[in-house]
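Student:
Protein chains in written order, with our numbering: chain W, 131 to 591; chain D, 131 to 591.
#1: Would you say residue 295/W reaches chain D, if we count a Cβ-Cβ gap shorter than 9 Å as a contact?
#2: Please work out which residues of its chain come closer than 6 Å, Cβ to Cβ, to residue 446/W, disregarding the five sequence neighbours upstream and downstream, and give them in chain order.
#3: So which of 469/W, 501/W, 555/W has the shortest CA-CA distance to residue 538/W?
#4: Can you find a CB in chain W that lies within less than 9 Å of the CB of residue 472/D?
#5: Can you round the beta-carbon distance between residue 512/D and residue 581/D to whole angstroms, since I take them to be within the 8 Å contact cut?
#6: Any Cβ of chain A within less than 9 Å of the Cβ of residue 489/W?
#7: What does DSSP give as the partner residue(s) for residue 441/W in the beta ladder?
#8: 9 Å is my cut-off, CB to CB: does residue 216/W come that close to chain D?
#9: Quick check on residue 196/W: does DSSP put it in helix, strand or coil?
#10: Residues of chain W with CB closer than 8 Å to the CB of residue 516/D, please, in chain order.
#11: Sorted by chain position, which residues of the same chain lie with C-beta nearer than 8 Å to residue 200/W's C-beta, five sequence neighbours on each side aside?
#12: DSSP three-state call for residue 151/D: helix, strand or coil?
#13: Specify, as a first and last residue, the run of the alpha helix (DSSP H) that residue 177/D falls within.
#14: Report the start-end ranges of each alpha helix (DSSP H) in the stretch 353-378 of chain D that is 4 residues or longer and not cut off at the edges.
#15: Taking one C-beta from the stretch 350-370 of chain D and one from the stretch 307-325 of chain D each time, how about it: are there three or more such pairs within less than 8 Å?
#16: Go to residue 487/D, then tell me how far its alpha helix (DSSP H) extends in each direction, as first and last residue.
#17: Just tell me which of 557/W, 415/W, 372/W, 357/W has its CA closest to the CA of residue 261/W.
#18: Measuring only between beta-carbons, confirm whether residue 569/D sits less than 9 Å from chain W.
#19: Taking C-alpha atoms, which residue in 313/W, 286/W, 316/W lies nearest to residue 303/W?
#20: With distance defined between alpha-carbon atoms, name the residue in 467/W, 481/W, 255/W, 389/W nearest to residue 434/W.
#21: Please tell me whether residue 324/D has its Cβ less than 9 Å away from any Cβ of chain W.
#22: In chain W, which residues lie with their C-beta within 8 Å of the C-beta of residue 163/D?
#23: Tell me the residue span of the beta strand (DSSP E) that contains residue 265/D.
#24: So residue 573/W is in the alpha helix (DSSP H); what residue range does that whole segment cover?
#25: Cβ of residue 573/W less than 9 Å from any chain D Cβ?
#26: Is residue 220/W helix, strand or coil when you go by DSSP?
#27: What span of residues does the alpha helix (DSSP H) with residue 303/D cover, start to end?
#28: Does residue 439/D get closer than 9 Å to chain W when you measure Cβ to Cβ?
#29: Under a Cβ-count criterion, where at least 16 other Cβ atoms within 10 Å of its own Cβ denotes burial, should residue 235/D be classed as buried or exposed?
#30: Below 8 Å on the Cβ atoms is my contact criterion, and I expect residue 393/W with residue 212/W to pass it. Report the Cβ-Cβ distance as a whole number of Å.
#31: Closer than 9 Å, Cβ to any Cβ of chain W: which residues of the stretch 317-351 of chain D, in chain order?
#32: With which residues is residue 249/W paired in a DSSP beta bridge?
#33: What is the rounded straight-line gap between the Cα of residue 209/D and the Cα of residue 417/D?
#34: What does residue 519/W pair with, by DSSP beta-bridge criteria?
#35: Identify the contact partners of residue 168/D in chain W, using a Cβ-Cβ distance below 8 Å as the criterion.
#36: Only counting the same chain, and skipping five residues up and downstream in sequence, which positions put a Cβ closer than 8 Å to that of residue 613/W?
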């Protein structure tokens, strides 16, 4: 391309709001955006997090290093009252590097599949599980073929439905989170789950499962989309009674101590009214958790930094929270809300960024109709940044970590919404690394988060 | 992140249009989108282009290989009447690998800068140019310091203004395209230009310059943003009178023969009414031209493929054009429009994709007010795909290749608009490769292009 038109940003919707676009708030929001895009520290903070801390699985040494990074980074951003809020977290460990061999009558040279235990799962132990494998497309097929399942390994080969766009993950993740218990109900010994990702590659993706206590807790492992196609092909082409060997060494230890990391700016007029902005500190272990959710943390910290940098004095208390244990327990979010209730705090708004570092498109708005009637007209301020898609959900939660505040206080919720089509290529896998984050997109997300915080702080909700 | 709400796609704007969303056209557009997202061939076609053809600079062997790829790929997609339309193209060649050394009194161990000649530039020849270097921030500073320029190399160090979002490229590219003649006017011997990119990295970015015939044609080379900062630092810290040595071996040869590659589906009711969809075949030479503009070509071909795949019979003639020589001449677009005039064709609409492979956000609409009044209400069909930002420009061109059709016929223009914040990291540099294209984003772009073509074909304009 040689030329880009200057006017390209002047979208149709924007034109219709032109009359309003030069008011005091749009000027302030431009100031916020310019400061983040010129001088933002989110990207450089993320580099430090990814390259000096790395993975931050709950209970791991990485989690504690991450907490120390959080304290330091919040202080550097100018936060006051930086503190750790203790909470107990699950302590699941992967153990030794696991592996699985697909065996046709235990001959040598059998194909090997790169497996990755699903989080919270029980392991097979050193001996592993050797059993016949049965492939099912979905839960319906599992239920229809329940009599064939006993004593076998069930392979859930449910594809990521790209046509659902932002709904594809929710649709497919049911097999990772619930597949083990669904299969155990019919006597399966273990499950293999096709990775929940849009990518066609060799990376297995982990993530949490939840056992149903009514059934045996059986091992569960993810395989990549390419391996899922290979395995399906083997089963379809003459190895219907093939054995599969799975070995995983993971184990759930006793709960251990973790922390939410908190810093704030005290409000000048209404210090008792709290606005919480956060991302989660823990990550899965195969990589650096750059998109999930390093991005959300550094964007949240940037909200505080930019408000100070432009000299804005918030009326209300702006509190940044780096939540513990979002991935496999949600203990940090629950603790934060419970403690707020104990302290009789007043939480008027909470915002979470946990959808990756991509180009922002708007906000999920979980609140009352009356609150949304106030918020909806603000979309015009976000149109120049393309972040004007506000989706309303009456009384809904807008993230795993801030959801409990809705339950406890009816706190208005904002979840940053991103274009999100690349996110699940990286998510919970070995390629969720700093290099898969774009600086400008990350900073645009922080800018629109700060803009919304500014509006809510100024006008209340 | 653990959970994504299924409802997240139901944006506020979308909700307000829900009543209309199940009509025949939205059903057809969903069918188009599903076909592209499930079975699209744009991504696999792009892989073949990038990995078996590579760079396609006008006049190069790669250009001819690209033309052959285009013919084959259009035929495979089901195009009729696939043909080459001859046009003369400039034949600029880079010559041997160029280099520049920054010399402090010609001592050994001087720092080396990785330079890349700007396209269409004259070379220094084997001897190179050795001269004192002067840094200017912009044209204003150049004009103020015009008396210092004679006999020197001018270094334009104008940064990419990220706060302009989609306008940043147009703002900064003036120094690449016009810097050489601006400096030659005051007697400069050569220019060095900071690369036009948002990235902070070591990749120099090329692109075209245009000489003003009133002044000497002097050599011009790009350096990376990191090298620009290094060079600026050297000049500022005590080497004010430093020499800079530049050597480039490029040369502009006589025009040679190139081709637009064309294929179509004949209209069933109004075969004489032509709808043109295209991207450009040529690319710069440092890499594969994956985003610029391999993406636009494979998306355009996909428009034709998907209409056939879902069994839609267009009323009007749908013509795909892979334009020659967009980058350093625009000869293909001019030839296509001139030939159409000669043949007295009727061109009702033209669409171009030349903004990279990223997530689509809408269309630039260059047309009459009356035409836009018909197009604007269609935004509701694009909201589920986030591509509902329609920016209107009365009688405007929406791309270098389709612009001449506006001039000749007042043909309504559509330019695919993308989020576009990553594009200029890759653009015209060694990293514009297949690996920097996301399949789902590329396919979403093709899907919304096909949807707009369907609407215009059905209702006319």
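For every residue, glycine included, the Cβ atom is placed at its ideal position computed from N, Cα and C.
Keep in mind the model is a prediction, meaning the values are calculated, not measured.
Tutor: Considering the structure as presented:
#1: Taking 9 Å as the CB threshold, residue 295/W lines the interface with chain D.
#2: If we look at residue 446/W and ignore the five residues flanking it on each side, its Cβ neighbours are 397, 400, 403, 405, 587.
#3: The shortest Cα separation from residue 538/W among 469/W, 501/W, 555/W belongs to 469/W.
#4: Answer no: the Cβ-Cβ gap between residue 472/D and chain W never drops below 9 Å.
#5: So it is a contact: roughly 7 Å between Cβ atoms.
#6: Reference to chain A is not applicable here, since the protein chains of this structure are W and D.
#7: Looking at the DSSP assignment, residue 441/W forms no beta bridge with any residue, so it has no partner.
#8: No, no contact with chain D.
#9: Three-state result, residue 196/W: helix.
#10: In chain order, 491, 519, 549 make up the part of chain W whose C-beta sits under 8 Å from the C-beta of residue 516/D.
#11: Closer than 8 Å at the Cβ level, and outside the excluded window around residue 200/W, lie 391, 411, 427, 452.
#12: Bear in mind that a pLDDT of 49 at residue 151/D, under 50, signals an unreliable position, so the model cannot answer this.
#13: Counting along the chain, the unbroken alpha helix (DSSP H) around residue 177/D starts and ends at 172-178.
#14: Fully contained in the stretch 353-378 of chain D are the following alpha helix (DSSP H) runs of length 4 or more, in chain order: 355-366.
#15: Output reads yes: the stretch 307-325 of chain D touches the stretch 350-370 of chain D.
#16: Annotation for residue 487/D: no alpha helix (DSSP H) segment contains it, and DSSP assigns it neither H nor E.
#17: If we check each option's Cα against that of residue 261/W, 372/W comes out closest.
#18: Taking 9 Å as the CB threshold, residue 569/D lines the interface with chain W.
#19: It is 286/W whose Cα lies nearest to the Cα of residue 303/W.
#20: Per the Cα distances, 481/W.
#21: Not closer than 9 Å to any Cβ of chain W, the Cβ of residue 324/D fails to qualify, so no.
#22: Taking the beta carbon of residue 163/D as reference, the chain W residues within 8 Å of it are 293, listed in sequence order.
#23: It spans 259-266 - the beta strand (DSSP E) in which residue 265/D sits, taken as one unbroken run.
#24: It spans 569-589 - the alpha helix (DSSP H) in which residue 573/W sits, taken as one unbroken run.
#25: Closer than 9 Å: yes.
#26: If DSSP states are grouped into helix, strand and coil, residue 220/W belongs with the strands.
#27: Element bounds for residue 303/D: 298-314.
#28: Closer than 9 Å: no.
#29: Note that residue 235/D has pLDDT 43, beneath the 50 cutoff, so the model's placement of it is unreliable and the number below is only indicative. Burial state of residue 235/D is exposed, judged by a 10 Å Cβ sphere holding fewer than 16 other Cβ atoms.
#30: Between residue 212/W and residue 393/W the Cβ distance is about 4 Å, and since that is below 8 Å, they are a contact.
#31: The stretch 317-351 of chain D vs chain W, Cβ under 9 Å: 328, 329, 330, 337, 338.
#32: 338/W.
#33: A direct Cα-to-Cα measurement between residue 209/D and residue 417/D gives close to 28 Å.
#34: Here residue 519/W is bridged, per DSSP, to 492/W.
#35: In chain order: 292, 293.
#36: Summary: the structure shown does not reach residue 613/W, with chain W confined to residues 131 through 591, and so no result is reported for it.
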